[in-house]
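Asks: Before we start, here is the structure in question, set down as structure tokens.
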Ligand code: EPZ
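Numbering (this note's numbering), first residue to last: 253 to 671.
Put into structure tokens, the structure is as follows:
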């Protein structure tokens, strides 16, 4: 196990580059098996989750070449055969469940272990399965596995009870090679859905309306390989804006676009943070007094749940009372306990957090409980004078590429230590 040792209280400065979006590249890697040709994905981020999903594809005998020097992934599903996904890989990362749609589409059957829940919630898959059966799939749950088959997937209209990101992605991939037209109503509108549609359309798919709540997919016969550069990680970018704010530093964040950041930026503006856009860069001057605000997490274009823990850290140091309502996941306040250890004054009432600002965090030894909670603890540790330690940082490595190197470039004092 590894931990970060952080000496906080320093003013940061300089530039930080945002990597490609984890939540875009994972479904895109899954989608490569829709064709038996080589797909090339550029600028892929060195993340634990990316290597896990590549191992999932390798366990299906897909040829995956990862060039970490040039950040190029070459994936060829030509020689795919086995359809049983190993349990440990699925348990390692629930996003592996995204291969269900492509497997069904390509082979007409699949056997995939039920993805487990995780620290932030039960993470059910009922909407995935409801949608796939609407396309004609027969589904049974045997020994903790989803056994799914369909002689032929037939386009249909699917209404998602909740705009689930993963269910929308699985259904888009399953409908791509189905016969006829599929309509997904109440679809997720996240930018990563748009990126997946661009990727599949580049392969020869026919998807309209990605980014809206009504997505129409016209089934095609065959797809070909494509070269693609995934979008940047808006959550990583938002995390670095929060970093500038919480350390009262002026930093430049490189490789973003304003459109995908709008739901996050609007909350920073409401707090009084100064953010200027310069082409694909953001200049943030955190040396301002911020105001308390109220936040409610919602599906895109609402405020993203993946930025909730980072704002929790930041609002803990803003004088006055702020509130955060977490409407997406039922257990996404695990970081509150750890922030309390550092002196935060936060009360939880079911899905509502009431945050009373304190002068400063107290450097402490805390534990990352999930990916974004870990990021929130890094922000808290960098904000206060003294030495903190964050354990279980494998959570953080899942979604933040080379985080300590990027932070060191900003003058942060952070070292990775083997426990
Ligand atoms: C994706 O998870 C992201 N992960 C999550 O990011 C993100 O928090 C989430 O979307 C919401 O934006 C990836 O893209 C790999 P959902 P996903 O299906 O697809 C309920 C991170 O930190 N639901 O939109 O699993 C579910 O319980 C991670 O990068 C059902 O009820 O999210 C939850 O309450 C964390 N039935 C809500 O929908 C279903 O069949 C949102 O889930 C599916 C979901």
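Glycine is no exception: its CB is placed at the ideal position from the N, C-alpha and C atoms.
1. The alpha helix (DSSP H) that contains residue 239, what's its start and end?
2. Have a look at residue 449 and residue 460 and give me their C-alpha separation to the nearest angstrom.
3. Is it the case that the CB of residue 440 approaches a heavy atom of the ligand EPZ more closely than 8 Å?
4. Return yes when at least one heavy atom of the ligand EPZ lies under 8 Å from the C-beta of residue 619, else no.
5. Return the CA-CA distance between residue 434 and residue 387, expressed in angstroms with no decimal places.
6. Taking residue 482 as the reference, which of 517, 274 and 644 has the closest Cα?
7. CB-CB under 8 Å to residue 647, same chain, minus the five flanking residues each way: which ones, in chain order?
8. Look up residue 599 in the DSSP assignment and say whether it is helix, strand or coil.
9. Contact between the stretch 303-315 and the stretch 496-513 is defined here as three or more beta-carbon pairs at a separation below 8 Å; is this criterion met?
10. Using 9 Å as the threshold, is the C-beta distance between residue 389 and residue 416 below it?
11. When we look at the beta-carbon of residue 650 and count the other beta-carbons within 10 Å, is it buried (16 or more) or exposed?
12. Can you tell me where the beta strand (DSSP E) holding residue 622 begins and where it ends?
13. Using the Cα positions of residue 400 and residue 363, report the straight-line distance between them to the nearest angstrom.
14. Is the closest heavy atom of the ligand EPZ to the C-beta of residue 552 under 8 Å?
15. Take residue 451 and list the residues in its own chain whose beta-carbon comes closer than 7 Å to its own, dropping the five residues that flank it on each side.
16. Can you grab the Cα-Cα spacing for the pair residue 319 / residue 611, in whole Å?
17. Is residue 490 buried or exposed, if buried means 16 or more other CB atoms sit within 10 Å of its CB?
18. Residue 606 and residue 565 - do their beta-carbons sit closer together than 9 Å?
19. Would you kindly report the start and end of the unbroken beta strand (DSSP E) that includes residue 616?
20. Is it the case that the CB of residue 515 approaches a heavy atom of the ligand EPZ more closely than 8 Å?
21. Please return the same chain residues whose Cβ sits closer than 8 Å to the Cβ of residue 548, not counting the five positions on each side in sequence.
22. Please indicate yes or no: does the CB of residue 393 lie closer than 8 Å to some heavy atom of the ligand EPZ?
23. Going by the beta-carbon positions, is the gap between residue 409 and residue 471 smaller than 9 Å?
24. Using 9 Å as the threshold, is the C-beta distance between residue 659 and residue 264 below it?
25. Mind checking whether the beta-carbon of residue 300 lies closer than 8 Å to any heavy atom of the ligand EPZ?
Replies: Looking at the coordinates:
1. One cannot answer for residue 239 here, as it falls past the ends of the chain, which runs 253 to 671.
2. In this structure, the CA atom of residue 449 is about 8 Å from the CA atom of residue 460.
3. Because some heavy atom of the ligand EPZ lies under 8 Å away, the Cβ of residue 440 counts as near it: yes.
4. no
5. 8 Å
6. 274
7. 620, 621, 622, 623, 625 and 626
8. strand
9. no
10. no
11. buried
12. Taken as a continuous stretch (DSSP letters only), residue 622 belongs to no beta strand (DSSP E), as it is neither H nor E.
13. 6 Å
14. yes
15. Leaving aside the five residues that flank residue 451 on each side, the residues in its chain whose CB is nearer than 7 Å to its CB run, in chain order, 280, 283, 478 and 480.
16. 46 Å
17. buried
18. No, they are not a contact pair.
19. Element bounds for residue 616: n/a, residue is neither H nor E.
20. Residue 515 has its Cβ no nearer than 8 Å to any heavy atom of the ligand EPZ.
21. 554, 555, 576, 577 and 579
22. no
23. no
24. Yes, these two residues count as a Cβ contact at 9 Å.
25. Judged by the Cβ position, residue 300 fails to qualify as a neighbour of the ligand EPZ at the 8 Å threshold, every heavy atom of the ligand being at least this far.
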